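Protein chains: 2
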Amino acid sequence: MDRTLVRDARHKIGSRILLYGWVHRIRDLGNLTFLLLRDRSGLIQVVLEGKDRPALRLETVVRIEGAVVPNDQVQGRVEIHATKVEVVSDVEYDHLPLAVNAGVIKEGLDTILNHRVLSLRNPKVHGIFLVQQEIIRAFRDFFRAQGFTEIQTPKIVAEGAEGGAELFPVKYFKKRAYLAQSPQFYKQMMVAAGYERVFEVGHAYRAELHNTNRHLNEYISLDVEMGFIQDEHDLMAIENEFLRYLFSTLPETCGEELACYGVELADPGAIPKLSVGEAQALLKKEYGKILPPGSIDAEAEKLLGRYVKEKTGSDFLFLTGFPVSKRPVYAMPMEDDPNLTKSFDLLYKGLEITTGGQRIHSYRMLHDKMLAFGLNPEDFGFYLDTFKYGVPPHGGFAIGCERLTMQLLNLANVREASLFPRDLDRVTP
Amino acid sequence: MDRTLVRDARHKIGSRILLYGWVHRIRDLGNLTFLLLRDRSGLIQVVLEGKDRPALRLETVVRIEGAVVPNDQVQGRVEIHATKVEVVSDVEYDHLPLAVNAGVIKEGLDTILNHRVLSLRNPKVHGIFLVQQEIIRAFRDFFRAQGFTEIQTPKIVAEGAEGGAELFPVKYFKKRAYLAQSPQFYKQMMVAAGYERVFEVGHAYRAELHNTNRHLNEYISLDVEMGFIQDEHDLMAIENEFLRYLFSTLPETCGEELACYGVELADPGAIPKLSVGEAQALLKKEYGKILPPGSIDAEAEKLLGRYVKEKTGSDFLFLTGFPVSKRPVYAMPMEDDPNLTKSFDLLYKGLEITTGGQRIHSYRMLHDKMLAFGLNPEDFGFYLDTFKYGVPPHGGFAIGCERLTMQLLNLANVREASLFPRDLDRVTP
Chain U
50 MDRTLVRDAR HKIGSRILLY GWVHRIRDLG NLTFLLLRDR SGLIQVVLEG KDRPALRLET
110 VVRIEGAVVP NDQVQGRVEI HATKVEVVSD VEYDHLPLAV NAGVIKEGLD TILNHRVLSL
170 RNPKVHGIFL VQQEIIRAFR DFFRAQGFTE IQTPKIVAEG AEGGAELFPV KYFKKRAYLA
230 QSPQFYKQMM VAAGYERVFE VGHAYRAELH NTNRHLNEYI SLDVEMGFIQ DEHDLMAIEN
290 EFLRYLFSTL PETCGEELAC YGVELADPGA IPKLSVGEAQ ALLKKEYGKI LPPGSIDAEA
350 EKLLGRYVKE KTGSDFLFLT GFPVSKRPVY AMPMEDDPNL TKSFDLLYKG LEITTGGQRI
410 HSYRMLHDKM LAFGLNPEDF GFYLDTFKYG VPPHGGFAIG CERLTMQLLN LANVREASLF
470 PRDLDRVTP
Chain C
50 MDRTLVRDAR HKIGSRILLY GWVHRIRDLG NLTFLLLRDR SGLIQVVLEG KDRPALRLET
110 VVRIEGAVVP NDQVQGRVEI HATKVEVVSD VEYDHLPLAV NAGVIKEGLD TILNHRVLSL
170 RNPKVHGIFL VQQEIIRAFR DFFRAQGFTE IQTPKIVAEG AEGGAELFPV KYFKKRAYLA
230 QSPQFYKQMM VAAGYERVFE VGHAYRAELH NTNRHLNEYI SLDVEMGFIQ DEHDLMAIEN
290 EFLRYLFSTL PETCGEELAC YGVELADPGA IPKLSVGEAQ ALLKKEYGKI LPPGSIDAEA
350 EKLLGRYVKE KTGSDFLFLT GFPVSKRPVY AMPMEDDPNL TKSFDLLYKG LEITTGGQRI
410 HSYRMLHDKM LAFGLNPEDF GFYLDTFKYG VPPHGGFAIG CERLTMQLLN LANVREASLF
470 PRDLDRVTP
């Protein structure tokens with residue numbers, strides 16, 4: 050007999066079927082036992098008559114044969130009247146460190162992450178990563194349809210792309226190397242290599258000492274880079290279109306999981322834009338908040354998110370025109386104000402989920418900019434040399450996948466949106 | 050005027066169009082100049098009349114307006130009679146380190162890899178990574194359709210999964226960590242976490258000192274893991290089905306690129322299987338080759354590949370039943386011969402492209418096996434603990450993406466199938 054998945058049982062009323070899964074809940078009434086069986090597709094009630102059944106504990110893996118019987122009182126409107134129950138794989142614990150079968154796991158985040166295999170079995174937690182995979186799938190589908198080629202670039206690199214000391218060193222044979230902070234250099238080089246439009250779903254590494262609810266030291270970066278652009282507004286336009294596509298497709302691909310988190314997605318429409326200068330003026334006027342020139346801190350992001358939501362109804366806001374001093378060396382300066390760059394951030398519900406912008410494509414300009422930044426052009430040989438060989442105007446952006454997932458599902462901590470998060474204290478599990 | 054891609058010009062005969070791209074070739078006949086323009090979609094001939102044109106060098110990025118005119122003598126059967134040519138982005142080189150416009154780049158592999166942005170512009174090289182992306186896409190599409198969930202697991206890990214000392218150490222704040230040799234522990238844990246069937250496209254790291262034509266120190270691993278299997282033959286069956294799907298879909302998605310490499314893909318059919326014991330007997334009988342018990346070396350792989358091709362016509366061969374001593378601690382032993390494991394390799398044209406097998410799912414068996422292997426179970430705490438909480442029979446395999454690409458396109462060196470390969474000597478570009 051072939052296995053039936055739990056979600057397909059309701060199409061087989063009257064038949065005898067074979068189920069596999071985990072024991073999610075047990076209610077023993079003596080001559081009658083009710084099991085809730087869990088497989089990757091859902092939960093189903095199993096009724097066992099008589100006392101002749103194997104000793105079952107929560108999370109035991111079982112094989113169940115039985116008849117599908119309608120029952121309007123239970124989830125899914127069918128239950129299984131079991132004729133045979135066998136243990137496939139037993140358990141060896143004294144007690145479960147967390148309640149897999151709770152509606153919401155009550156244990157703290159540390160317990161949830163320490164016992165990740167168990168917390169992921171909880172149906173609500175399970176759903177987070179189904180949604181995340183659909184986000185990633187939508188990202189790939191959208192950009193492929195726009196003529197982008199997917200790439201995989203190296204994560205062992207000789208230099209950091211984003212400046213700063215926030216690099217993890219790797220002992221690479223007799224050399225010292227680093228983990229890539231971003232695929233920045235490589236995605237630009239792939240545009241320059243004639244692929245013109247590229248995207249990547251890959252890990253990025255930041256050795257940041259931040260221990261907040263929104264920082265991960267290893268995260269999934271959804272990267273985009275495209276050539277032959279007019280300016281950074283082309284980039285914001287395509288990210289805006291992607292988000293509209295995402296929000297239209299997720300209800301189809303994971304509507305149940307969104308509902309489980311009480312999320313209803315509305316078309317983001319045309320995302321409003323504010324320059325950093327305008328945003329600072331607004332923060333001062335509305336909230337009396339004064340920031341150093343060019344800076345938007347985490348509290349300011351929250352205030353701006355709230356303000357824009359109230360005024361326009363939008364959950365999103367593009368911040369534009371960051372000063373040169375706040376952006377990496379490769380950021381393209383504005384023609385009419387060389388102290389500002391053609392760059393942007395995207396806030397979602399008051400949290401930065403994207404940084405992007407147009408890049409410098411002139412060898413001479415990039416070379417001189419490195420000197421102005423106090424960098425040695427020779428340290429960036431292969432990257433800088435690229436621009437000797439004809440590179441079109443280009444730019445791109447990156448979306449933090451876990452942050453997008455977190456904001457979309459209104460999770461309290463970005464670690465909840467990472468299968469096995471890496472932070473200051475955590476390299477296991 | 051909107052940009053037209055080169056490949057779409059033939060649908061616009063008689064129209065005036067706008068093209069962007071790189072100068073691939075120049076033939077200057079005084080009053081008449083022939084350019085070959087290259088964009089991401091292909092090559093097209095551009096005819097310029099008169100001497101009034103900007104100074105153009107190879108690889109200059111240009112903007113061209115002109116009329117689409119039929120010409121049966123050229124590739125694509127149309128050419129552009131240019132009315133306007135502008136330089137979008139200039140070049141600054143003394144001489145090109147390699148001939149981008151050669152049919153086959155004549156410079157050696159080191160030059161090709163040192164100047165990767167230029168070698169990737171070569172249309173034939175460009176095609177390798179279009180094929181590779183279609184392999185990856187087909188992998189995802191196939192396994193998703195089979196009910197698998199895509200996962201992204203951490204590459205910064207506390208312990209190696211595959212044993213041995215071939216790990217790259219990472220300085221992780223005050224701790225020592227490593228780059229993951231494979232997602233082995235994590236993909237098993239995701240099966241155990243109730244996702245049951247998972248796949249991953251991610252980097253894997255091997256600090257191997259091999260400097261051969263088939264080793265990379267950072268590579269793309271196409272990983273699969275599935276629960277509720279009967280034995281390792283279920284795994285070989287699904288990999289076989291994937292390869293049949295792949296070979297049927299690639300001619301549709303990248304037929305031109307395959308043709309450029311002279312590759313015609315035939316249905317792999319049912320892939321033959323040989324046990325390691327049978328393979329060793331055959332090698333001895335046919336080639337007088339004697340190997341240590343359980344070993345199949347690189348030369349043996351080639352001989353077996355050739356033998357099976359001659360006898361059955363198959364480019365593929367499953368090798369089964371590797372001894373315990375040749376497999377990691379997590380390999381499931383055979384019931385009828387505990388010195389052998391339920392494991393397999395897949396050879397493609399005489400090169401191993403896959404290792405797989407059923408895993409141990411019993412806590413007690415795995416614990417005792419660790420002791421027998423001289424490992425300390427406490428070092429594998431979070432992995433080993435997983436098996437206390439009910440784990441179904443499961444197994445999986447991994448396909449080396451660059452090796453599959455290399456063998457499929459008959460490339461001489463696996464580095465050709467990596468955008469920016471990492472090897473003993475190479476961390477740049």
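Heads up: the protein sequence lines correspond to chains U and C, in order. Per the numbering used here, the first sequence starts with residue 50, numbered consecutively. Per the numbering used here, the second sequence starts with residue 50, numbered consecutively. Positions of the beta carbon are idealized from the N, C-alpha and C atoms, including for glycine. For clarity, every value in this text was computed on a predicted model and none was experimentally measured.
Are the C-beta atoms of residue i and some chain C residue less than 8 Å apart?
i              : result
residue 412(U) : yes
residue 243(U) : yes
residue 204(U) : yes
residue 138(U) : yes
residue 383(U) : no
residue 264(U) : no
residue 317(U) : no
If the cut is a Cβ gap below 9 Å, which residues of chain U does residue i touch?
i              : result
residue 89(C)  : 196, 198, 243, 244, 245, 246 and 276
residue 93(C)  : Residues of chain U passing the Cβ test: none, with the nearest at roughly 14 Å.
residue 228(C) : 204, 205, 219 and 228
residue 52(C)  : 277
Between residue i and residue j, what straight-line distance do the alpha-carbon atoms span, to the nearest angstrom?
i              : j              : result
residue 265(U) : residue 159(U) : 15 Å
residue 128(U) : residue 274(C) : 30 Å
residue 421(C) : residue 316(C) : 43 Å
residue 322(U) : residue 406(U) : 14 Å
residue 468(U) : residue 477(U) : 11 Å
residue 92(C)  : residue 389(C) : 55 Å
residue 438(C) : residue 144(U) : 10 Å
residue 415(C) : residue 329(C) : 29 Å
residue 309(U) : residue 173(U) : 7 Å
residue 210(U) : residue 204(U) : 11 Å
residue 95(U)  : residue 80(U)  : 14 Å
residue 305(U) : residue 163(U) : 27 Å
Go through its chain and collect everything with a Cβ distance to residue i's Cβ below 8 Å, but skip five positions before and after it.
i              : result
residue 472(C) : 260, 264, 265, 266 and 464
residue 318(C) : 293 and 363
residue 287(C) : 195, 273 and 275
residue 402(C) : 395, 396, 448, 449, 452, 453 and 456
Let me check understanding here. Comparing Cα to Cα, which of the options lies closest to residue i?
i              : options                           : result
residue 155(U) : 143(U), 140(U), 141(U) and 171(U) : 171(U)
residue 130(U) : 63(U), 157(U), 163(U) and 79(U)   : 63(U)
residue 409(U) : 391(U), 396(U) and 399(U)         : 391(U)
residue 109(C) : 116(C), 397(C) and 75(C)          : 75(C)
residue 280(C) : 221(C), 90(C), 147(C) and 383(C)  : 383(C)
residue 375(C) : 369(C), 344(C) and 355(C)         : 344(C)
residue 299(C) : 180(C), 395(C) and 415(C)         : 180(C)
residue 284(C) : 257(C), 209(C) and 394(C)         : 394(C)
residue 59(C)  : 116(C), 324(C) and 197(C)         : 116(C)
residue 85(U)  : 113(U), 347(U) and 361(U)         : 113(U)
residue 370(U) : 342(U), 101(U) and 360(U)         : 342(U)
residue 222(C) : 191(U), 255(U), 206(U) and 105(U) : 255(U)
Distance cutoff 8 Å, beta carbons only. Does residue i sit that close to anything in chain U?
i              : result
residue 166(C) : yes
residue 521(C) : The structure shown has nothing for residue 521(C), since chain C only spans 50 to 478.
residue 109(C) : yes
residue 296(C) : no
residue 142(C) : yes
residue 82(C)  : no
residue 261(C) : no
Output, in chain order, the set of chain C residues within a Cβ distance shorter than 7 Å of residue i.
i              : result
residue 408(U) : The premise fails here: residue 408(U) is roughly 12 Å from chain C at the closest Cβ pair, so nothing lies under 7 Å.
residue 224(U) : 476
residue 217(U) : 219, 220 and 221
Once you ignore the five residues that flank residue i on each side, which residues in its own chain have a CB closer than 6 Å to its CB?
i              : result
residue 118(C) : 128 and 130
residue 365(C) : 317, 320 and 397
Which residues in chain C have a C-beta closer than 9 Å to the C-beta of residue i? List them in chain order.
i              : result
residue 180(U) : Those within 9 Å of residue 180(U) in chain C number zero; the least Cβ separation is about 11 Å.
residue 267(U) : 203, 204 and 205
residue 14(U)  : Absent from the structure is residue 14(U), since the part of chain U shown begins at 50 and ends at 478.
Mind listing the chain C neighbours of residue i? Cutoff is C-beta to C-beta under 8 Å, in chain order.
i              : result
residue 235(U) : 468 and 469
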